[in-house]
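Residue numbers (the UniProt record's numbering), protein chains in the order written: chain G, 1 to 340; chain C, 1 to 340.
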DNA sequence: CTGAAAGCGCTTACAG
DNA sequence: CTGAAAGCGCTTACAG
């Protein structure tokens, strides 16, 4: 093991006390320039690296944050490139601040004991619901959190959300503008307070404004995955005469849907228009390219880290705690004028 | 802060020594059943969680591993769902062993000081080259590593590789079998010893076997990303009369390529056949679905953790250190008989 | 400007 | 079966 080198060794070799070495390392206290450079030299030569455990034991902080993402399947992170883009943003934001990122999948029964165990400095939590047990446990932790896509009602929580309602509205308006009258919705679980809930609300508002009737038979609730979208296509076969457009609340489900439609002989956009949500990297490149509600996921991750670190370090406290990110519509090839 | 509860508090309340509490927690030493249950009860009631820092300080291990992935762009993890699938596998494997996963992007100048700093137990390293400085530094760390997709020549290293040569061969054979004679290659950097190198070797072998001539003008080296693939399509416009098929060494580049071809009026597979590599989740669902060399990325991640933990814990040492995963061909719609 | 000492929370021989 | 004590590597008042 190389880790044998400790502050003691440095002190001994430099002929100073460990307190002095510590001061040099942290640039604290008053140390003569001579001593500083002597100690620094030895630190270099010995490849000394201070132990995070020892520091953490004193400071009770760890320079470690976690990205918490709920499991979809049992014990397995969700199969959605969305998360990778998010995590990429978090990692890139964190590394500028010498903070490392732990990745953590949780289910409803998670007790978060590792958070205390590891003295995590903070958490970036994606998509939790306010009324859940997991959320309560999270709060009980009493550590800095930034909630993403969670639409918490309490304004005291730091959170970043998309304007999901507007997104739902925009996508639906777009389809209505193209002459579509019977517009289906492909959504993940429609729990009140979740992103899908708000997207659906926006959808309803757009319909209402145009005097188009909504109906439960137009709502397809399914796992927000490629496979989920694919499966819905089968069910859609029978609706075909009625529905001329589908608004999918995630790009991955749109991808599965389009392929599923293709496999039952329906082509997008000729037979059915499809709008997605997220604008993951791939959406612009598929054939047909996907009309979708755009969000910059990578920078969302970066903003989240910044917000979390501000909170941890007590900087930037004047900023407001809740950020609502605007959405926009990227019109591409998967949606066209209603031919029916 | 809740973390105030320490082994001392438990000891005081239970009227035992901290040593006994420690023994109860770790199931070590001989403690009377009565004491055990008394202490355990208090631990429960107080929501006591042992401090990882303190433990780590003694044990010099951390129950923390890192997945190390090289940056493509500056300071930014690669934009490839491949990594997400891999990380999903690692996370799911690790959580069964109460190990947490740090995500870490590196570039050539990384000094890995955080590895010693945090006393990481081990590393899963994706795609490094033997002759690089980063690799040397990694070895100097002297901690357990499992190398993925790195094709290290030294058999003493634990590593998991695909049979990339066979993959390159298989995909090319497939195209040759379809009557293609001029087969281009879309690859990431062709560095000796890298995955692309071996895939290319396999490609060359297949050509050789069939007496087809290879040529540098058929090799397109480009960043292995959607965008990279897209850009190559432009350049390909002029080659059009000659090349009838392209073998892309990653699915993401194949995706970009297919779209790029589409945008210059060439359709896959009618005008050009395309084969990918990886079989990321999306490939089966795109239109046309992508013929590709299949690997199970998620389970690759799981195998990697298992191998790493075996190494860390000194278990399963009889197993061989180097695993070569076989590949297979998934024939789908993007490749058809040569019409030219 | 520098050092001795206490203490963070835990584990591990070692006594008893 | 249980406890007192040392020590892991560091930081932080506090003396000097």
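Backbone N, C-alpha and C define an ideal beta-carbon position, used for all residues, glycine too. Since the structure is predicted, the reported quantities are computational estimates derived from the model, not experimental observations.
Determine the closest residue to residue 86 (chain G) out of G:137, G:300, G:285, with distance taken between C-alpha atoms. Residue 86 (chain G) has its Cα closest to that of G:300, out of G:137, G:300, G:285.
Verify the contact flag: residue 282 (chain C), CB atom, against every heavy atom of the ligand SAH, threshold strictly below 7 Å. Judged by which ligands are present, the structure shown has none, so any question about the ligand SAH falls away.
At 3 residues or longer, and completely inside the stretch 209-235 of chain C: list those beta strand (DSSP E) runs for me, N to C. Entirely contained in the stretch 209-235 of chain C, the beta strand (DSSP E) runs reaching 3 residues are, in chain order, 219-221.
In whole angstroms, what separates the C-alpha of residue 186 (chain C) from that of residue 275 (chain G)? Looking at the two C-alpha atoms, the distance is approximately 31 Å.
Counting only beta-carbon separations shorter than 8 Å, does residue 231 (chain C) have a partner in chain G? For residue 231 (chain C), no CB of chain G lies under 8 Å from its own CB, so it is not counted at the interface with that chain.
Under 8 Å between C-beta atoms, does residue 116 (chain C) make it to chain G? Output row for residue 116 (chain C): interface = yes.
Starting from residue 70 (chain C), follow the beta strand (DSSP E) in both directions and report where the run begins and ends. Residue 70 (chain C) -> beta strand (DSSP E) spans 64-70.
Run of the beta strand (DSSP E) containing residue 306 (chain C), from where it starts to where it stops: That residue, residue 306 (chain C), is in no beta strand (DSSP E); its alpha helix (DSSP H) goes 297-313.
Does DSSP classify residue 76 (chain G) as helix, strand or coil? In the structure shown, residue 76 (chain G) sits in a strand (DSSP, three-state: E or B).
Among C:152, C:75, C:84, C:231, which has the Cα closest to the Cα of residue 98 (chain G)? Residue C:75 is the option with its Cα nearest to residue 98 (chain G).
Residues from the stretch 77-103 of chain G in contact with chain C, defined by Cβ distance under 7 Å: The stretch 77-103 of chain G vs chain C, Cβ under 7 Å: 77, 79, 81, 83, 84, 87, 88, 91, 92, 95, 100, 101, 102, 103.
Determine, using beta carbons only, whether residue 10 (chain C) comes closer than 8 Å to chain G. Residue contact with chain G for residue 10 (chain C): absent (no Cβ-Cβ distance below 8 Å to any residue of chain G).
Buried or exposed: which applies to residue 116 (chain C), given that a residue is buried once 16 or more other Cβ atoms fall within 10 Å of its Cβ? Residue 116 (chain C) sits buried, since 16 or more C-beta atoms from the chains shown fall within 10 Å of its C-beta.
How many Å lie between residue 341 (chain G) and residue 190 (chain C) at the Cα? For residue 341 (chain G) there is no data in the structure shown, the boundaries of chain G being 1 and 340.
Beta-carbon of residue 50 (chain C) versus every beta-carbon of chain G: anything under 8 Å? Chain G, which has a Cβ nearer than 8 Å to the Cβ of residue 50 (chain C), makes this yes.
Just to confirm before moving on: does the CB-CB distance between residue 126 (chain C) and residue 68 (chain C) stay below 8 Å? In this structure, residue 68 (chain C) lies closer than 8 Å to residue 126 (chain C) by Cβ.
Look at residue 277 (chain C) and residue 251 (chain C) and say whether their C-beta atoms are less than 8 Å apart. Yes, the pair counts as a contact, with Cβ atoms nearer than the cut-off.
Residue 157 (chain C) versus residue 225 (chain C): straight-line alpha-carbon distance, rounded: CA-CA distance, residue 157 (chain C) to residue 225 (chain C), rounds to 29 Å.
For residue 118 (chain G), which of C:64, C:325, C:141 has the nearest alpha-carbon? The option with the nearest alpha carbon to residue 118 (chain G) is C:64.
Output yes or no for whether 8 Å exceeds the beta carbon distance between residue 194 (chain G) and residue 232 (chain G). Here residue 194 (chain G) is not near residue 232 (chain G), since their CB atoms are 8 Å or more apart.
What do you reckon, are the CB atoms on residue 262 (chain G) and residue 297 (chain C) nearer than 8 Å? Cβ distance not < 8 Å, so residue 262 (chain G) and residue 297 (chain C) don't count as in contact.
Alpha carbon of residue 11 (chain G) to alpha carbon of residue 18 (chain G), nearest angstrom: Rounded to the nearest angstrom, the two C-alpha atoms are 5 Å apart.
Of all the options G:134, G:92, G:21, which has the alpha carbon lying nearest to the alpha carbon of residue 111 (chain G)? Minimum Cα-Cα distance from residue 111 (chain G) among the listed residues G:134, G:92, G:21 corresponds to G:134.
Specify the secondary structure class of residue 270 (chain G) as computed by DSSP and reduced to three states. In the structure shown, residue 270 (chain G) falls within a coil segment according to DSSP collapsed to helix, strand and coil.
Which chain G residues are close to residue 255 (chain C), counting only those with a beta carbon under 9 Å from its beta carbon? Chain order gives the chain G residues near residue 255 (chain C) as 282, 285, 286, where near means a beta carbon separation below 9 Å.
Rounded to the nearest angstrom, what separates residue 20 (chain C) and residue 14 (chain C) at their Cα positions? Approximately 10 Å between the Cα atoms of the pair.
For the beta strand (DSSP E) that contains residue 100 (chain G), what are its first and last residues? For residue 100 (chain G), the uninterrupted beta strand (DSSP E) run begins and ends at 100-106, by DSSP.
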